[in-house]
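Heads up: the sequence shown begins at 0 in numbering that gives the first Met the number 0, then just goes up one per residue.
By construction, the Cβ of each residue, glycine as well, lies at the ideal position given by its N, Cα and C atoms.
These numbers were taken from a predicted model, which means no experiment stands behind them.
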Amino acid sequence: MPLRFTTETLGAQINWDPTTYNGKNILVQAQSNAKRGSISNYTRTVNGITARVVEIPPGTAKADVVLGQNSVGGLENLAPMASRSGAVAAINGTFFEAYGGISEP
(Lines of atoms letter the chains of each structure in order from A and count residues from 1; the text may use other names and numbers.)
(Lines give C-alpha, C1' and ligand atoms only; values in the text may rest on other atoms or scores of the structure.)
Protein backbone atom coordinates (compact mmCIF):
# COMPACT_ATOMS: atom_id res chain seq x y z
CA MET A 1 0.00 0.00 0.00
CA PRO A 2 1.24 3.51 -0.68
CA LEU A 3 2.58 5.06 2.53
CA ARG A 4 0.93 8.47 2.11
CA PHE A 5 -2.52 6.97 1.34
CA THR A 6 -2.34 4.56 4.27
CA THR A 7 -1.07 7.19 6.70
CA GLU A 8 -3.69 9.79 5.81
CA THR A 9 -6.50 7.20 5.73
CA LEU A 10 -5.63 6.22 9.29
CA GLY A 11 -5.82 9.85 10.40
CA ALA A 12 -2.13 10.69 10.63
CA GLN A 13 -0.07 13.19 8.70
CA ILE A 14 3.13 12.56 6.81
CA ASN A 15 5.70 15.17 5.86
CA TRP A 16 7.86 13.60 3.20
CA ASP A 17 9.45 15.00 0.08
CA PRO A 18 10.19 12.14 -2.36
CA THR A 19 12.96 14.17 -4.02
CA THR A 20 15.00 14.11 -0.78
CA TYR A 21 14.15 10.56 0.36
CA ASN A 22 17.52 8.98 -0.61
CA GLY A 23 16.69 5.60 0.96
CA LYS A 24 16.18 6.94 4.48
CA ASN A 25 13.66 5.38 6.85
CA ILE A 26 10.38 7.21 7.27
CA LEU A 27 8.79 7.26 10.72
CA VAL A 28 5.08 8.01 10.93
CA GLN A 29 3.61 8.87 14.31
CA ALA A 30 0.01 9.68 15.06
CA GLN A 31 -1.64 10.94 18.20
CA SER A 32 -5.30 11.49 18.80
CA ASN A 33 -7.43 12.46 21.75
CA ALA A 34 -10.61 11.86 19.78
CA LYS A 35 -12.95 9.09 20.84
CA ARG A 36 -12.53 6.20 18.46
CA GLY A 37 -15.61 5.03 16.65
CA SER A 38 -16.41 1.46 15.89
CA ILE A 39 -15.92 -0.40 12.64
CA SER A 40 -19.21 -1.03 10.86
CA ASN A 41 -20.15 -3.01 7.79
CA TYR A 42 -23.20 -3.36 5.60
CA THR A 43 -24.26 -4.41 2.11
CA ARG A 44 -25.45 -2.01 -0.59
CA THR A 45 -26.92 -2.84 -4.01
CA VAL A 46 -26.79 -0.24 -6.77
CA ASN A 47 -27.88 -0.95 -10.34
CA GLY A 48 -27.93 -4.68 -9.60
CA ILE A 49 -24.37 -4.79 -8.23
CA THR A 50 -24.03 -5.70 -4.57
CA ALA A 51 -21.04 -4.53 -2.55
CA ARG A 52 -19.97 -5.12 1.03
CA VAL A 53 -19.04 -1.77 2.60
CA VAL A 54 -16.74 -1.57 5.62
CA GLU A 55 -16.48 1.82 7.35
CA ILE A 56 -13.33 2.24 9.43
CA PRO A 57 -13.04 5.48 11.43
CA PRO A 58 -9.57 7.08 11.28
CA GLY A 59 -7.23 5.77 13.95
CA THR A 60 -9.15 2.56 14.65
CA ALA A 61 -7.33 0.13 12.38
CA LYS A 62 -3.88 -1.11 11.50
CA ALA A 63 -3.25 -1.88 7.84
CA ASP A 64 -1.03 -4.81 7.02
CA VAL A 65 0.07 -6.66 3.89
CA VAL A 66 -0.36 -10.43 3.67
CA LEU A 67 1.09 -12.43 0.77
CA GLY A 68 -0.56 -15.46 -0.82
CA GLN A 69 1.20 -18.59 0.46
CA ASN A 70 3.48 -16.13 2.34
CA SER A 71 5.48 -15.46 -0.82
CA VAL A 72 5.60 -12.85 -3.56
CA GLY A 73 3.51 -14.14 -6.46
CA GLY A 74 1.85 -16.79 -4.28
CA LEU A 75 -1.78 -17.59 -5.01
CA GLU A 76 -4.24 -18.13 -2.18
CA ASN A 77 -7.89 -17.42 -1.51
CA LEU A 78 -8.56 -14.27 0.51
CA ALA A 79 -10.43 -15.95 3.40
CA PRO A 80 -7.51 -18.08 4.67
CA MET A 81 -5.14 -15.13 4.32
CA ALA A 82 -7.46 -12.95 6.42
CA SER A 83 -7.90 -15.72 8.99
CA ARG A 84 -4.15 -16.36 9.26
CA SER A 85 -3.44 -12.70 9.92
CA GLY A 86 -6.38 -12.13 12.30
CA ALA A 87 -7.94 -9.54 9.98
CA VAL A 88 -11.31 -7.97 10.75
CA ALA A 89 -11.66 -6.93 7.09
CA ALA A 90 -9.65 -7.77 3.98
CA ILE A 91 -9.44 -6.75 0.35
CA ASN A 92 -7.50 -8.42 -2.44
CA GLY A 93 -4.55 -6.64 -4.05
CA THR A 94 -6.50 -5.89 -7.21
CA PHE A 95 -9.24 -4.36 -5.03
CA PHE A 96 -11.86 -6.23 -7.06
CA GLU A 97 -12.66 -9.75 -8.25
CA ALA A 98 -9.30 -11.35 -9.04
CA TYR A 99 -10.42 -14.62 -10.63
CA GLY A 100 -13.57 -13.88 -12.63
CA GLY A 101 -16.76 -11.88 -12.56
CA ILE A 102 -16.76 -8.10 -12.65
CA SER A 103 -13.13 -6.97 -12.71
CA GLU A 104 -13.79 -3.28 -12.06
CA PRO A 105 -16.67 -1.27 -10.62
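Per-residue DSSP class, three states only, for N69:
helix
What separation, rounded to the nearest whole angstrom, lies between the Cα atoms of I38 and G47?
26 Å
If we call anything under 8 Å between Cβ atoms a contact, is L9 one with A60?
yes
In this structure, what does DSSP give as the bridge partners for V64?
For V64, which the question treats as bridged, DSSP gives no partner whatsoever.
Residues of its chain near A50, where Cβ-Cβ distance is below 6 Å and the 5 sequence neighbours each way are ignored:
R43
In angstroms, rounded to a whole number, what distance separates the CA positions of G67 and P56?
27 Å
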